[in-house]
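**Student:** Next up is a structure, given as C-alpha cells.
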Amino acid sequence: MNNSIVIRLPSKKRLNAQVPLSSNSFLITPGSVITEDADYMRGHGTYTNDDEEDHKLYASVAGVVERINKLVCVRALKTRYNGEVGDIVVGRIKEVQQKRWKVETNSRLDSVLHLSSVNLPGGELRRRSAADELTMREYLKEGDLISAEVQQVHTDGMLSLHTRSLKYGKLGQGCCVTVSPSLIKRRKNHVHNLSCGVTIILANNGYIWINSTAVDGTKTTGDGGFVVDTEPVQMDDREAICRVRNCILCLSRSSVMLYDTSVLYAYEASLQYQVKELLLDEIATEIVDQTLSLLERESSGNG
Amino acid sequence: MAKAILGDSEKWFIVHGVQDDFRTDGRSCESYRHIELETGILSNTHGSARIRLGSSELLVGVKVELGTPKPQRINEGWLEFHVDCSPNAHPVFQGRGGKELSDNICSMLTRVYRNNTVMDLEALGVIPQKHCWVVHVDVLILECGGNLIDAASIAVKASLYNTGIPNISLTDGDEGEVEINLPDDPEDVKHLKTINCPVLVTLSKIGNRHIVDATDEEECCCSASLVMGVTRRGHTVGVRKMGGGSLDPESLTEMIDSGKKIGRQLHISLDKLLKIEAGMSEDIKQTGYL
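These protein sequences, in sequence, are chains A and B. Going from the first sequence to our numbering is simple: count from 1 and add 319. Going from the second sequence to our numbering is simple: count from 1 and add 7.
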C-alpha cells in the first residue's frame with residue numbers, strides 16, 4: 320500500500336532569495352539613522368527627535384530608502400496595499416450598504432464600490448432606480464470576488480473602485496492566491512493570458528486570480544459580467560490552474576517579484592514534477608533557482 | 008472555527024475539484040499536506056512537541072504533577088487536556104473568541120484518551136488512594152490553517168512519547184507515612200507507553216466525496232465532518248460528527264473505513280519519525296523557533 324503521508328523533521332535551511340541586490344538600493348531597519356544632514360525633508364517612514372540639537376533623520380519602518388531631491392522617504396517592504404489611481408485590484412465584498420458595497424482589498428481601510436460605478440444589466444447608461452438599490456445583493460453579495468480599477472484615492476487612504484468596463488466585474492470559477500503587495504511588479508498590463516491556457520490577474524493589492532482562458536471568451540455578452548458559469552472546469556484546465564497556483568506560492572515564499580515572465584518560467588520549470596509535489600521545500604527551492612537563473616540570463620542577454 | 012469567507016463560484020471550483028479527486032493544491036482526496044514535527048523543544052516541560060501541518064502550527068507542552076487519584080479509580084492517574092487559541096493565529100481568538108474551538112478540540116482529545124486500552128493509567132499511579140501522577144497536556148494554537156484537530160492529536164502523541172516522568176522512590180517515613188523522593192538526576196525518567204495512543208482523523212464531506220486534511224477554504228465548503236480516533240492497529244476509539252449537514256449511512260461506513268486506513272498510515276509515519284528523532288545524537292541542534 321502506497322503510504323502518501325509524510326511526516327518529517329523541520330528543514331533547517333531557510334528559503335533565501337538569491338536575487339542579486341541592485342547597487343542603487345539601500346535597505347534600512349527601523350531606528351537606524353538615514354542621514355545627519357538637516358537639509359532633508361521628512362517623508363513617509365521617517366522621523367526625527369526634535370528636542371535634540373542634532374537633526375538626525377531616523378527610519379521608522381524596514382525598507383528601501385527613496386530620495387527625490389530633498390525629500391527622503393522609506394518605502395516599507397512588508398506593508399498593506401497603498402492604492403493609486405488606475406491600479407487594478409481584486410477584492411472581496413465585505414458588506415452591502417445602502418448605495419454601495421464595502422470591498423476588502425488588503426489595504427488599511429476597506430475600499431468602496433458605489434452602485435453608480437458598476438455595470439448593471441440593460442446597458443451602461445441606465446438610470447439607477449430605487450429597485451436597483453434594493454436588489455444590490457442579487458448582483459454582488461458578501462464573499463464574492465470582483466476585479467476592479469481604482470478610480471479615486473481619498474485623503475484618508477480609502478479607495479473608490481469602479482467596474483465600468485467589461486474586463487472587470489465579478490470573478491467566476493478559479494483560484495485566488497494572496498501574496499504581499501510589494502511582490503507585484505508594476506507593469507502596463509496586469510491581466511495575462513499564459514500559454515498554458517490559464518488567465519491570471521496579478522492585482523496590485525496582492526490578490527492574484529487564476530482561472531482558465533476558455534471561460535473568459537463568454538464575458539463579452541454584454542450582460543455586465545454578473546452571470547457566473549457553474550459548469551465544472553475541465554481536468555487539464557484545472558491542473559494548469561493548480562500548477563500555476565503552486566508556482567506562485569513557491570515564488571512568493573522566496574520573495575521573487577511576480578510578473579508574467581517569472582510566473583511563466585516557474586511554470587515551465589515545474590512541468591517535470593507533479594502538482595502536489597510543488598509544495599515540498601526542496602522542489603520549491605529548485606524551481607525558484609531555475610526561474611531566477613532564467614531571468615538573470617534574459618536580463619544579461621538584453622542588457 | 009475561524010471560517011474563511013468564500014464566494015459562490017470559488018466554492019463551486021473547490022467542490023468540482025474534489026469530485027475529480029484533484030484539489031486546489033493538486034492533492035488527492037486522501038493525502039495530507041507536508042507535516043513537520045519536532046519534539047523536546049521546550050526545556051521547562053516534561054515533554055513537548057511542535058507540529059507544522061501545511062500552514063497550521065501548534066505547540067504542545069506536557070507537565071506532570073503529583074495529585075490525588077479520583078475516587079472511582081484509586082490506582083490510576085489521569086490525563087488533563089487544555090487547548091489555548093492564541094490571538095496570533097486569528098484575530099477572532101481575542102478574549103473569549105477561541106473558546107468554542109478550544110472546547111471542541113479539548114473534549115475530543117479527552118474522549119479518545121479516556122479509554123483504558125489507549126493509555127496504561129495504572130502506570131501513573133504512585134500510592135493508591137493518596138498520590139498519583141496527573142499529566143497536564145497543553146496545546147497552543149499558533150497559526151490557523153485548517154485541520155487543527157488532526158494536528159493537535161499528532162502533536163499530543165509525539166509529546167507524550169517525549170514525556171519523561173521522574174523516577175520517584177518510595178521510602179517509609181515517620182508515623183507510618185510513605186515518603187516520596189525525587190531523583191537528583193533530571194535525566195532519570197521513565198517514559199510513557201504511547202504505543203496505543205490514537206490520532207484523530209477528520210474527514211470532511213464535500214459534495215458526494217469526503218476529503219482528509221481540509222484547508223480553511225475547503226472547510227468552508229463542507230457541510231458535515233466526521234472526527235474519529237484511530238489507534239496504530241486501525242481500531243476506532245471515538246467518533247464524533249461535526250457540522251450541520253447530514254451524512255447518509257453508506258457514506259458514513261465509507262468514511263469510517265477510509266479514516267481507519269489513513270489513521271494507520273499516519274501512525275506508521277509518525278512512529279518512524281519518533282524513532283529516528285530519539286536515536287539522533289544530542290549534538291544535532293534543533294530548529295525550534297529561530
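Beta carbons: idealized from backbone N, C-alpha and C, even for Gly. Keep in mind the model is a prediction, meaning the values are calculated, not measured.
1. Determine the direct distance from the alpha carbon of residue 378(A) to that of residue 526(A), and round the result to whole angstroms.
2. Let me check understanding here. Comparing Cα to Cα, which of 117(B), 161(B), 103(B), 175(B) lies closest to residue 45(B)?
3. Unbroken beta strand (DSSP E) runs of length 3 or more, entirely within the stretch 377-464 of chain A: which are they?
4. Which of helix, strand or coil does DSSP assign to residue 543(A)?
5. Do three or more CB pairs link the stretch 386-401 of chain A to the stretch 355-364 of chain A at distances below 8 Å?
6. Residue 382(A) to residue 578(A), Cα distance in whole Å?
7. Spell out whether any CB of chain B is found under 9 Å from the CB atom of residue 478(A).
8. Does residue 286(B) pass the burial test, meaning 16 or more other C-beta atoms within 10 Å, or should it be called exposed?
9. Give the straight-line distance between the Cα atoms of residue 445(A) and residue 439(A), rounded to the nearest whole angstrom.
10. Do you know how far the Cα of residue 167(B) is from the Cα of residue 537(A)?
11. Please state if the CB of residue 490(A) and the CB of residue 509(A) are separated by a distance shorter than 9 Å.
12. In terms of residue numbering, what span does the alpha helix (DSSP H) encompassing residue 257(B) cover?
13. Closest Cβ-Cβ distance between residue 491(A) and chain B: below 9 Å?
14. Taking one C-beta from the stretch 135-148 of chain B and one from the stretch 62-69 of chain B each time, how about it: are there three or more such pairs within less than 8 Å?
15. Considering only DSSP beta bridges, list what residue 145(B) is partnered with.
16. DSSP on residue 26(B), reduced to helix/strand/coil?
17. Is it true that the stretch 245-252 of chain B meets the stretch 39-57 of chain B, where meeting means three or more beta-carbon pairs spaced less than 8 Å apart?
18. Buried or exposed for residue 414(A), going by 16 or more other Cβ atoms inside 10 Å?
19. Which residue comes first and which comes last in the beta strand (DSSP E) that contains residue 530(A)?
20. Could you compute how far the alpha carbon of residue 280(B) sits from the alpha carbon of residue 158(B)?
21. Does the Cβ of residue 540(A) have 16 or more other Cβ atoms within 10 Å, making it buried, or fewer, making it exposed?
22. Quick one: which chain B residues come within Cβ less than 8 Å of residue 595(A)?
23. Taking Cβ-Cβ distances below 9 Å as the criterion, which residues of the stretch 174-188 of chain B are in contact with chain A?
24. From residue 423(A) to residue 620(A), what does the alpha carbon distance come to, in whole angstroms?
25. With a Cβ-Cβ cutoff of 9 Å, do residue 600(A) and residue 41(B) count as a contact?
26. Could you pull the DSSP bridge partners for residue 234(B) from this structure?
27. On the CB-based measure, 16 or more other CB atoms within 10 Å of its CB, does residue 84(B) come out buried or exposed?
28. Would you say residue 114(B) touches the ligand PLP, meaning its beta carbon is less than 8 Å from a heavy atom?
29. Quick one: using the 10 Å Cβ neighbour count with 16 as the cut-off for buried, is residue 274(B) buried or exposed?
30. Would you mind sorting residue 357(A) into buried or exposed? The rule is 16 or more other CB atoms within 10 Å of its CB.
31. Taking the alpha-carbon of residue 434(A) as reference, which of 513(A), 346(A), 454(A) has the nearest alpha-carbon?
32. Quick one: grab the DSSP three-state call for residue 118(B).
33. Buried or exposed: which applies to residue 283(B), given that a residue is buried once 16 or more other Cβ atoms fall within 10 Å of its Cβ?
34. Output the distance between the C-alpha atoms of residue 294(B) and residue 514(A), rounded to the nearest integer angstrom.
35. Helix, strand or coil for residue 599(A) per DSSP?
36. My understanding is that residue 203(B) touches residue 239(B), with C-beta atoms under 8 Å, so please give their C-beta distance in whole angstroms.
**Tutor:** By the coordinates alone:
1. About 28 Å.
2. 161(B)
3. With a minimum length of 3 residues, the continuous beta strand (DSSP E) runs that stay inside the stretch 377-464 of chain A are 382-387, 390-395, 407-415, 419-423, 430-433.
4. Residue confidence is low: residue 543(A) scores 43 on pLDDT, short of 50, so the model does not pin down where it sits. Its coordinate-derived value is still stated next. Look at residue 543(A) here: in three-state DSSP terms it is coil, with no helix or strand label.
5. yes
6. Each residue's Cα considered, the two are about 21 Å apart.
7. no
8. exposed
9. Within the model, the alpha-carbon separation for residue 445(A) versus residue 439(A) is close to 8 Å.
10. Only weak support is given to the placement of residue 537(A): the predicted model assigns it a pLDDT of 47, under 50, and the value that follows is read from those uncertain coordinates. Residue 537(A) and residue 167(B): Cα-Cα distance of roughly 57 Å.
11. no
12. Counting along the chain, the alpha helix (DSSP H) containing residue 257(B) begins and ends at 256-286.
13. yes
14. Cβ pair count under 8 Å is three or more, so yes.
15. 68(B), 89(B)
16. In this structure, residue 26(B) counts as helix in the three-state DSSP scheme.
17. no
18. Only exposed fits residue 414(A), as fewer than 16 other CB atoms lie within 10 angstroms of its CB.
19. It spans 526-531 - the beta strand (DSSP E) in which residue 530(A) sits, taken as one unbroken run.
20. 15 Å
21. With a pLDDT of 37 at residue 540(A), under the threshold of 50, the predicted position of this residue should be treated as unreliable, though the coordinate-derived value follows. Exposed, since its Cβ has fewer than 16 Cβ neighbours within 10 Å.
22. 32, 33, 34, 35, 38
23. none
24. Those two C-alpha atoms are separated by around 41 Å.
25. yes
26. 209(B), 247(B)
27. buried
28. With respect to the ligand PLP, the structure shown offers nothing to examine, as it has no ligands at all.
29. buried
30. exposed
31. 454(A)
32. When secondary structure is reduced to three states using DSSP, residue 118(B) falls in the helix class.
33. exposed
34. 41 Å
35. coil
36. 7 Å
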